[in-house]
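Trainee:
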Amino acid sequence: MPSRTERQILLDAYILSMMTKDVLFPPEDLVESADSLQTHLATIALIEETRYLNERPSVPKNGNINLAWEYASDSAHHKRFLNMLRVSPKVFNTLLDLIQDHPVFQSTNNHPQVPVEQQLAVTLFRMGRYGNGASVEDIARIAGCSEGSVDNYTRRCFTAILSLQDKFVRMLTPEEKEAEKCYMDNLVGFQGLWREGWVMYDGTIVVLFRKPGQQGDAYYTRKANYGLNLQVGNTASNLRIVDFSHGLTGSAHDASAFLHTAASVHSEWFFEGEEFAWADSAYPVNLRTIPVHKKPASLDPKNALFDKFVAFLRVRSEHCMGALKGRFQCLRGLRVTINSNEDHYQACKWITVAIILHNLVIDVEGKEAAEYFINAHTEAEEREDTGRAPAAQNNGNGNNNEKRQRLVDELWAHKMV
1 MPSRTERQIL LDAYILSMMT KDVLFPPEDL VESADSLQTH LATIALIEET
51 RYLNERPSVP KNGNINLAWE YASDSAHHKR FLNMLRVSPK VFNTLLDLIQ
101 DHPVFQSTNN HPQVPVEQQL AVTLFRMGRY GNGASVEDIA RIAGCSEGSV
151 DNYTRRCFTA ILSLQDKFVR MLTPEEKEAE KCYMDNLVGF QGLWREGWVM
201 YDGTIVVLFR KPGQQGDAYY TRKANYGLNL QVGNTASNLR IVDFSHGLTG
251 SAHDASAFLH TAASVHSEWF FEGEEFAWAD SAYPVNLRTI PVHKKPASLD
301 PKNALFDKFV AFLRVRSEHC MGALKGRFQC LRGLRVTINS NEDHYQACKW
351 ITVAIILHNL VIDVEGKEAA EYFINAHTEA EEREDTGRAP AAQNNGNGNN
401 NEKRQRLVDE LWAHKMV
């Protein structure tokens with residue numbers, strides 16, 4: 001039986017009272033009966049039309065998020081601004097210029113919105129928190145607004161920022177790709193097939209703050225938490241994210257989730273010539289994906305040397321995860337309740353927005369700025385979120401291994417000189 005609202009209970013009680021009164025004290029004539037009926041109908045209409053049945057006391061709103069503007073006005077306090085809103089004043093102003101004319105910030109009624117910069121500040125502050133500090137109530141208290149306003153500000157800013165995805169999450173230009181290949185040359189100390197590995201992939205878990213109400217077991221991970229699988233392809237030199245995939249639940253294997261990336265779905269567009277991506281042993285080996293070896297192949301001295309070098313290169317994948325989750329700590333405990341497909345879609349929006357802003361920071365201020373929050377999410381914390389993925393079943397078998405063997409031989413020949 002559906003629950004009854006307070007309004008329905010009040011209406012039923014009034015109608016019962018009206019009927020009881022008419023039975024116990026019937027009107028003396030037709031005129032009195034008509035007057036009584038009009039009074040009752042007017043009362044019922046008033047109950048139905050009254051929006052709030054109880055008094056709405058005013059909630060004090062004296063937040064301190066406006067301190068951000070004080071911090072921005074003095075370069076000595078820019079780090080405080082950065083730690084508060086997770087981006088520098090320069091990046092904040094750039095982002096504000098990009099989104100402030102978006103239609104979502106145009107009011108469609110007689111109630112004007114608060115300034116876009118205030119809505120953006122609240123949204124960025126919220127994205128930088130997780131756990132109890134990321135609750136809507138706490139954010140509203142600090143922002144000096146209502147809980148509903150926090151959600152409205154976030155929704156509008158997300159809509160505007162998502163419109164920038166094609167601008168900031170894109171394929172590298174030929175010049176940028178060549179720069180990445182030169183970066184790889186410098187790391188390994190020679191030019192060869194190794195330079196074609198200009199991108200690297202890794203998976204992580206975006207932990208949810210609670211078990212989803214819809215198919216919650218599907219979100220359960222090997223680390224005994226609940227989350228979403230995120231695949232990230234980034235460059236080594238500046239941690240730019242050039243490809244990503246999310247939407248699969250935490251129970252999905254990295255190898256399965258990788259199948260939804262551009263590098264897998266559109267590999268002939270994403271890669272040219274001999275180009276490929278580096279990966280760990282959770283991924284299958286093929287012409288476009290080169291992972292490290294698993295046992296017993298990893299015990300071979302030549303393979304062990306190869307795996308050591310690949311691990312040295314792929315530490316930049318860990319740095320990218322640290323930079324992303326360290327800056328936008330909402331990804332360490334996403335406070336989105338998933339009870340429907342729409343809720344799942346909304347949770348994915350948080351991840352996409354964080355990736356867009358990560359690349360925006362790189363474009364505006366360079367790789368040093370991107371790495372500022374690396375230590376805010378350590379390797380140990382990443383292992384706590386994600387754990388160690390089981391190795392792919394076809395790692396190192398058949399013709400798929402030929403290209404990796406060429407890389408092994410090339411490195412061995414260089415080191416033996």
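By the UniProt record's numbering, the letter at position 45 of the sequence shown is numbered 45, and the numbering carries on one by one without gaps. For glycine and all other residues, C-beta sits at the position ideal for the given N, C-alpha and C.
Just to confirm the assignment, what range does the alpha helix (DSSP H) spanning residue 279 have?
Mentor: From DSSP, residue 279 is part of no alpha helix (DSSP H) but of the beta strand (DSSP E) over 277-279.
Trainee: How big is the Cα-Cα spacing for residue 316 and residue 176?
Mentor: Taking the straight line from one Cα to the other gives about 17 angstroms.
Trainee: Does the region 139-149 come within contact of the region 84-95, defined as at least 3 CB pairs closer than 8 angstroms?
Mentor: Contact fails: fewer than three Cβ-Cβ distances are below 8 angstroms.
Trainee: DSSP on residue 244, reduced to helix/strand/coil?
Mentor: Strand.
Trainee: How big is the Cα-Cα spacing for residue 240 and residue 199?
Mentor: Cα-Cα distance, rounded: 10 angstroms.
Trainee: Once DSSP output is grouped into helix, strand and coil, what is the label at residue 378?
Mentor: If DSSP states are grouped into helix, strand and coil, residue 378 belongs with coil.
Trainee: What three-state label does DSSP hand residue 138 in the structure shown?
Mentor: Here residue 138 sits in helix by DSSP.
Trainee: Only counting the same chain, and skipping five residues up and downstream in sequence, which positions put a Cβ closer than 8 angstroms to that of residue 43?
Mentor: Hits under 8 angstroms: 14.
Trainee: Answer yes or no: do residue 206 and residue 355 have a C-beta to C-beta separation smaller than 8 angstroms?
Mentor: No, the Cβ-Cβ distance between residue 206 and residue 355 is not below 8 angstroms.
Trainee: Exposed or buried, which one is residue 408 when buried takes at least 16 other CB atoms within 10 Å?
Mentor: That one is buried.
Trainee: Would you kindly report the start and end of the unbroken beta strand (DSSP E) that includes residue 301?
Mentor: That residue, residue 301, is in no beta strand (DSSP E); its alpha helix (DSSP H) goes 301-327.
Trainee: Residues in its own chain within less than 6 angstroms of residue 18 by CB, not counting five upstream and five downstream?
Mentor: Within the same chain, residue 18 has close Cβ partners 40.
Trainee: Under 8 angstroms by Cβ, that's how I've got residue 303 and residue 297 pegged, so tell me the actual separation to the nearest angstrom.
Mentor: That belief holds up - the Cβ atoms of residue 303 and residue 297 are roughly 5 angstroms apart, short of 8 angstroms.
Trainee: Below 6 angstroms CB to CB, which residues in the same chain sit around residue 261 once its five sequence neighbours on both sides are set aside?
Mentor: Closer than 6 angstroms at Cβ, skipping near neighbours: 231, 243, 245.
Trainee: Between residue 287 and residue 270, which are expected to be in contact by the criterion C-beta below 8 angstroms, what is the C-beta distance as a whole number of angstroms?
Mentor: Rounded, the Cβ-Cβ distance is 12 angstroms, inconsistent with contact.
Trainee: Please confirm whether residue 366 has its beta-carbon closer than 8 angstroms to some beta-carbon of chain B.
Mentor: Note that chain B does not occur in the displayed structure, where there is just one protein chain.
Trainee: Helix, strand or coil for residue 393, going by three-state DSSP, please let me know.
Mentor: Any reading at residue 393 needs caution, since the residue's pLDDT is 49, under 50, leaving its predicted position unreliable; the model's value is listed next. Residue 393 falls in the coil class under three-state DSSP.
Trainee: List the residues that DSSP assigns as beta-bridge partners of residue 226.
Mentor: Beta-bridge pairing links residue 226 to 220.
Trainee: Three or more beta-carbon pairs under 8 angstroms between the region 326-340 and the region 123-135, yes or no?
Mentor: At 8 angstroms Cβ cutoff, the stretches touch.
Trainee: Smallest Cα separation from residue 247: which of 281, 201, 196, 338?
Mentor: For residue 247, the nearest C-alpha among the options comes from 338.
Trainee: Could you check where the beta strand (DSSP E) with residue 201 kicks off and where it finishes?
Mentor: First-last of the beta strand (DSSP E) with residue 201: 199-207.
Trainee: I need the straight-line Cα distance from residue 306 to residue 377, nearest angstrom please.
Mentor: One C-alpha to the other measures close to 28 angstroms.
Trainee: Can you give me the C-alpha to C-alpha distance between residue 154 and residue 196, rounded to a whole angstrom?
Mentor: The alpha-carbon atoms of residue 154 and residue 196 are separated by roughly 40 angstroms.
Trainee: Could you pull the DSSP bridge partners for residue 249 from this structure?
Mentor: Partner(s): 228.
Trainee: Flag this pair as yes or no: are the beta carbons of residue 203 and residue 254 separated by less than 8 angstroms?
Mentor: Yes, the Cβ-Cβ distance between residue 203 and residue 254 is below 8 angstroms.
Trainee: What is the rounded straight-line gap between the Cα of residue 201 and the Cα of residue 334?
Mentor: For residue 201 and residue 334, the distance between alpha carbons rounds to 22 angstroms.
Trainee: Note down, in chain order, each residue of its chain lying with its Cβ closer than 8 angstroms to the Cβ of residue 78, except the 5 sequence neighbours on either side.
Mentor: Within the same chain, residue 78 has close Cβ partners 71, 72, 88, 89.
Trainee: What is the C-beta distance between residue 169 and residue 365, in whole angstroms, given that I count them as a contact (C-beta under 8 angstroms)?
Mentor: With 8 angstroms as the limit, residue 169 and residue 365 do not qualify as a contact, their Cβ atoms being about 17 angstroms apart.
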